[in-house]
Every structure is written in structure tokens, then in C-alpha cells.
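Participant: Residue numbers (my numbering): 35 to 119.
1. Go ahead and pull the three-state DSSP assignment for residue 48.
2. Beta-carbon within less than 8 Å of residue 91's beta-carbon, same chain only, minus the 5 sequence neighbours each way: which residues are those?
3. What did DSSP end up calling residue 53 once you bin it into helix, strand or coil?
4. Which stretch, first to last residue, makes up the alpha helix (DSSP H) that contains residue 91?
5. Sort 99, 66, 43 by Cα distance to residue 85 and report the nearest one.
6. Got a sec? Which residues, its chain only, sit under 6 Å from residue 89 by beta carbon, not counting five neighbours each side?
7. In chain order, what residues of the same chain lie with their CB nearer than 6 Å to the CB of residue 46, ignoring the 5 residues before and after it?
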């Protein structure tokens with residue numbers, strides 16, 4: 035994860051565990067944007083705080099769930115095929 039963080043700090047906590055401290059120096063950032071930046075990693079995430087970041091993850095989760103539910107028949111067939119690979 036460390037090579038991809040750039041402006042964050044990764045602290046090793048043990049085997050297969052780390053703590054990521056990340057923020058933004060830009061006035062254009064948003065809580066959902068920060069959540070999406072962390073969510074790009076294929077890893078389980080535990081949000082320590084603040085509550086606004088936790089809410090942003092919930093907002094993105096709803097969006098992703100809606101996107102998955104909107105899959106048409108062709109999309110469902112492609113997803114099933116991809117799961118068999």
C-alpha cells in the first residue's frame with residue numbers, strides 16, 4: 035500500500051494489518067472523495083473517525099449497492115461469467 039499513498043502515512047500494525055493516516059491539502063477535497071481514495075485498495079477498512087468520514091463511506095456503499103442492483107440481464111450474465119474465471 036505504501037508506494038500508492040504519496041501524501042499519507044502507513045503504519046504497520048502486524049501481519050496483514052496497517053493504519054493509514056490520510057488527509058488533503060486541497061480546498062477541493064470532500065469526505066466522499068477521501069473515502070473513495072481509501073476504498074480503491076482491495077482491503078477491509080475500519081474507520082476510526084471522524085463521523086463525517088464514516089458517513090461518506092455509507093453514502094458510497096449505497097451508491098455502489100444501487101449500481102450493482104441496476105445491472106441489466108447482459109450485465110448479470112457478464113458478472114456471472116467473470117465469477118467463473
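Beta carbons: idealized from backbone N, C-alpha and C, even for Gly. Bear in mind the structure is a predicted one, so any value in this text is a computation, not a measurement.
Facilitator: The structure says:
1. strand
2. 69, 73, 79, 81
3. strand
4. 85-103
5. 66
6. none
7. 52
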